[in-house]
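Below you'll find the structure, written out as structure tokens, and then a few comments.
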Amino acid sequence: MALEIKIPAVGESITEVTIAKWLKKDGEAVKRDEVIAELESDKATFELPAEGDGTLKIRVAEGETIGIGTVIAEIGGDGAAAPAAEAPKAEAPKADPVSKGEENPKASDQAGYGGTPAGGAASGTPAAPAAAPAAGSGETKEMKIPAVGESITEVTVAKWLKPDGAQVAQDEVIAELESDKATFELPSEAAGILRHVAQEGETIGIGAVIARIEGAGAGAPAAAPAAAPAQAAAAAPAAQAATSSSATYASGVPSPAAGKILEEKGINAGGVQGTGRDGRITKEDALKAQPQAAAAPAPAAVPAAKPAAAPQTDNSQPATGNRNQRRERMSNLRKTVARRLVAVKNETAMLTTFNEVNMQPIMDLRNKFKDKFKEKKGVGLGFMSFFTKAVCVALQEWPAVNAQIDGTDIVYNDFCDISIAVSAPKGLVVPVIRNAEQLSFDGIEKEIARLAGLARDNKLTIEQMTGGTFTITNGGVFGSMMSTPIINAPQSAILGMHNIVQRPIAENGQVVIRPMMYLALSYDHRIIDGRESVSFLVRVKELLEDPMRLLLGV
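Per the numbering used here, residue 3 is the first one in the sequence shown, and the count goes up by one each step.
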């Protein structure tokens, strides 16, 4: 019996993952604990080991986003794989070319599904009436909308890939479903005749019946009314005809993903050369297709047939130059960041207050001691350690800024777990410096360097990115002069740093040039009042403009 491989629970707040990469191919032999795939969540990347020895059968394609607990593959032992391998051999003399066309009918952009229906009718169906003519009626299987995510309650039938009454094979993709988060492919749960229950564009709930599959025996007489031994010789030409028709169908036919891209570009599939199996148009072919190729002949033909339309053509200037577009799947990390930022804007009373800091004292201190600091501590002395220390002192003096709302309660934290926003290759992440109030300057700098290195290498764990009480983000490294940062929920405040600019200011009655930085504190007005927010930011300003206060604790 095959061993089902399910998506394991990888974190308390993670409900779905994306199959980033299959490290083993479909049908390949694997060993227990051998890594077979990489899974990507909105927070980290994980490795999926095999749970036993056997042959791997992949059920979910790369790039698909699926929920925790979903079966993505099966591992079959030698005993389970043997019967499946022997079944096609018995029918090979009748329809060997078609049976080859049905190998590995996986749902992916490269898969040649165009040849599968004809192959299923030619190779799998004729043998059934000969072996068991009494089972001509078959049974009807109801196909229901599967659970595609914890928060998804309904989907829309975007497109039927198989018409009503068509012969379909098991695991063949028959429809595309759309939710408010993603597009999914619906495979057939059995071989037989497809009967639509829901129409294209109709929105139905999870668990509702979308189609029915009538038993394969019911559709067999139409393809082979009699299965007498005398007609065995005629079966081979019929199989060859089915094979040629399946190849013709696949040639130039786009996959579901490719068809959607071509439709959005306004390109006719007939003008695109397919590079997939049997000439199938893949997603990559659709992305490379240029709209000009399909639109170029039209202007030349219209003036010749209808000269009266020429003045309208002259008034519209055709676009010149490159008009190519690229469509990429949004990563789980990007989708989660987008969802949480919108939720924060909608669910909090967010307000931002500003102040400016004279960075000259810190810059003078750094220039004086940075070489000795690095020589003795083994790490450079940056601005982040000064800001982190100043924030920790101010948070202990104004604990509401370090608190958060939990239902109808306010949770005050007597420690400072500072989240530092880092721009990683896959998006923005916020690793946490635990108990930053207890760390020295070099301790903070070493921890920032360590976490930033893990972020760049995509090796941050979920534990390293959860549990912060306050966030610092530095847009100044990218040249930002001023911004209003969005709170990192469930925290109640975030401090935004910006670039340092030489500006004229009044100092002791005289105008002088100083390196100035704008600071922005965004906070949740439900828990933090104006007095706390402004006083907190002023305290941070005082500590930064006189760094000796940090060293002396005053």
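Ideal Cβ placement from N, Cα and C applies to all residues, glycine included. Please read all numbers here as calculations on a predicted model, not as lab measurements.
Under 8 Å between C-beta atoms of residue i and residue j
{"i": "residue 552", "j": "residue 344", "result": "no"}
{"i": "residue 144", "j": "residue 207", "result": "no"}
{"i": "residue 70", "j": "residue 11", "result": "yes"}
{"i": "residue 330", "j": "residue 382", "result": "no"}
{"i": "residue 524", "j": "residue 334", "result": "no"}
{"i": "residue 360", "j": "residue 547", "result": "yes"}
{"i": "residue 419", "j": "residue 402", "result": "no"}
{"i": "residue 46", "j": "residue 24", "result": "no"}
{"i": "residue 477", "j": "residue 498", "result": "yes"}
{"i": "residue 56", "j": "residue 29", "result": "no"}
{"i": "residue 203", "j": "residue 158", "result": "yes"}
{"i": "residue 505", "j": "residue 518", "result": "yes"}
Alpha carbon of residue i to alpha carbon of residue j, nearest angstrom
{"i": "residue 173", "j": "residue 431", "result": "38 Å"}
{"i": "residue 474", "j": "residue 366", "result": "23 Å"}
{"i": "residue 165", "j": "residue 198", "result": "8 Å"}
{"i": "residue 2", "j": "residue 535", "result": "Any property of residue 2 remains undetermined from this structure, which presents the chain solely from 3 to 556."}
{"i": "residue 154", "j": "residue 358", "result": "46 Å"}
{"i": "residue 51", "j": "residue 37", "result": "4 Å"}
{"i": "residue 322", "j": "residue 263", "result": "21 Å"}
{"i": "residue 482", "j": "residue 374", "result": "31 Å"}
{"i": "residue 161", "j": "residue 285", "result": "17 Å"}
{"i": "residue 13", "j": "residue 332", "result": "21 Å"}
{"i": "residue 209", "j": "residue 193", "result": "21 Å"}
{"i": "residue 451", "j": "residue 435", "result": "11 Å"}
{"i": "residue 338", "j": "residue 511", "result": "51 Å"}
{"i": "residue 387", "j": "residue 283", "result": "55 Å"}
{"i": "residue 236", "j": "residue 26", "result": "Confidence in residue 236 is poor, its pLDDT being 43 and thus under 50, which makes the residue's placement too unreliable to answer from."}
{"i": "residue 35", "j": "residue 48", "result": "14 Å"}
{"i": "residue 2", "j": "residue 372", "result": "Here the chain has residues from 3 to 556 only, and residue 2 is not among them."}
{"i": "residue 500", "j": "residue 480", "result": "9 Å"}
{"i": "residue 350", "j": "residue 487", "result": "13 Å"}
{"i": "residue 353", "j": "residue 33", "result": "56 Å"}
{"i": "residue 73", "j": "residue 385", "result": "48 Å"}
{"i": "residue 413", "j": "residue 346", "result": "18 Å"}
{"i": "residue 146", "j": "residue 211", "result": "4 Å"}
DSSP bridge partner residues for residue i (one or two, in chain order)
{"i": "residue 526", "result": "352"}
{"i": "residue 534", "result": "Residue 534 pairs with nothing; no bridge assigned."}
{"i": "residue 186", "result": "179"}
{"i": "residue 506", "result": "515"}
{"i": "residue 76", "result": "6, 59"}
{"i": "residue 429", "result": "426"}
{"i": "residue 520", "result": "358"}
{"i": "residue 144", "result": "214"}
Of the residues the options, the one placed nearest residue i, counting alpha carbons only
{"i": "residue 150", "options": "522, 481, 18", "result": "18"}
{"i": "residue 214", "options": "196, 202, 207, 205", "result": "196"}
{"i": "residue 407", "options": "490, 446, 426", "result": "490"}
{"i": "residue 274", "options": "287, 526, 267", "result": "287"}
{"i": "residue 168", "options": "533, 179, 180, 190", "result": "190"}
{"i": "residue 531", "options": "445, 484, 391, 404", "result": "404"}
{"i": "residue 416", "options": "470, 461, 377", "result": "470"}
{"i": "residue 456", "options": "142, 425, 414", "result": "425"}
{"i": "residue 427", "options": "371, 336, 476", "result": "336"}
{"i": "residue 31", "options": "77, 478, 363", "result": "77"}
Collapsed DSSP secondary structure at residue i in the structure displayed
{"i": "residue 44", "result": "coil"}
{"i": "residue 554", "result": "helix"}
{"i": "residue 227", "result": "Here the model assigns residue 227 a pLDDT of 39, short of 50, so the residue's position is not dependable and the matter cannot be decided."}
{"i": "residue 214", "result": "strand"}
{"i": "residue 13", "result": "coil"}
{"i": "residue 357", "result": "strand"}
{"i": "residue 541", "result": "helix"}
{"i": "residue 34", "result": "coil"}
{"i": "residue 387", "result": "helix"}
{"i": "residue 381", "result": "coil"}
{"i": "residue 172", "result": "coil"}
{"i": "residue 407", "result": "strand"}
{"i": "residue 66", "result": "coil"}
{"i": "residue 486", "result": "coil"}
{"i": "residue 473", "result": "strand"}
{"i": "residue 445", "result": "helix"}
{"i": "residue 21", "result": "strand"}
{"i": "residue 163", "result": "coil"}
{"i": "residue 338", "result": "helix"}
{"i": "residue 329", "result": "coil"}
{"i": "residue 282", "result": "coil"}
{"i": "residue 346", "result": "helix"}
{"i": "residue 462", "result": "coil"}
{"i": "residue 587", "result": "Outside the displayed range of the chain (3 to 556) lies residue 587, so it cannot be described from this structure."}
{"i": "residue 451", "result": "helix"}
Cβ-heavy atom distance, residue i to the ligand GDP, below 7 Å
{"i": "residue 417", "result": "Here there are no bound small molecules, and the ligand GDP is not part of this structure."}
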